[in-house]
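This report refers to the structure that appears directly beneath it.
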Amino acid sequence: MMNETKMQNYHITEQTIVHRVRDILSREEVRSMHFAFNSFPAGACEDASILLGIILEKYSFGDYQVCYGKKGDTTHAWLSSAGRFIDITIDQFTEAKKINECIFMVEPETQMHYGYVIMYRETLDEAKAGINYLEFFKILKYVEVSLDEELNS
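Residues in the sequence shown are numbered from 103 upward in steps of one, following the working numbering.
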């Protein structure tokens with residue numbers, strides 16, 4: 103864990119955390135921890151969004167909701183907070199070269215996101231209550247430790 107003195111002296115932005123968590127989740131170590139992440143970002147949108155929300159709340163960046171959307175037969179999940187959508191798995195549906203545009207989007211909250219109609223939203227606490235596998239918490243711990251090491255280096 104990052105100590106408070108170090109955290110006060112280090113300007114950490116929400117966007118920095120978002121990008122670093124995304125990079126950590128892309129590591130082979132994470133992909134091998136549970137099948138939900140073995141093809142990250144494909145198929146990991148809900149779990150990755152919940153994990154990211156937990157970490158962002160740890161750093162006091164605000165309150166987050168998990169949005170669940172549908173486009174045709176395809177479902178998707180991402181974070182929403184204070185009028186923004188934060189989506190670290192959108193590149194499974196779009197060109198990789200656009201990933202930086204897609205990860206952190208400031209846009210008016212509408213009922214659509216990249217063509218996905220929002221079916222419902224959950225608070226982060228409601229979404230966390232649905233996590234039913236131990237490996238999620240092992241992955242969360244791995245990401246937290248890795249992120250703290252990066253921010254303290």
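C-beta atoms are modelled at their ideal positions from N, C-alpha and C, and glycine is treated no differently.
Query, Result
"Residues bridged to Tyr218 (per DSSP)", "His215"
"Where Gly171 falls: helix, strand or coil (DSSP)", "strand"
"Three CB pairs or more closer than 8 Å across the segment 232-243 and the segment 188-195", "no"
"Opening and closing residue of the beta strand (DSSP E) in which Thr177 lies", "176-183"
"Test item: CB-CB of Val245 and Val123 under 8 Å", "yes"
"Per-residue burial, Ser182 [other beta carbons within 10 Å of its own, 16 or more giving buried]", "buried"
"Nearest-angstrom Cβ-Cβ length linking Met221 and Lys172, presumed shorter than 8 Å", "5 Å"
"Member of Glu228, Arg186, Tyr235 whose CA lies at the smallest distance from the CA of His215", "Arg186"
"Spatially closest choice to Ser151 from Leu249, Asp250, Asn254, Ile233, by CA coordinates", "Ile233"
"First through last residue of the beta strand (DSSP E) which encompasses Ile188", "186-188"
"Nearest candidate by alpha-carbon position, reference Gly145, set Thr118, Ile157, Ser128", "Ser128"
"Which listed residue (Ser255, Asp189, Asp250) has its alpha carbon closest to that of Asp149", "Asp189"
"Neighbour-count burial assignment, Ala184, 16 or more Cβ in a 10 Å radius", "exposed"
"Cβ neighbours of Val132 in the same chain (closer than 8 Å, five flanking residues each side left out)", "Ile126, Phe139, Phe142, Ile241, Tyr244, Val245"
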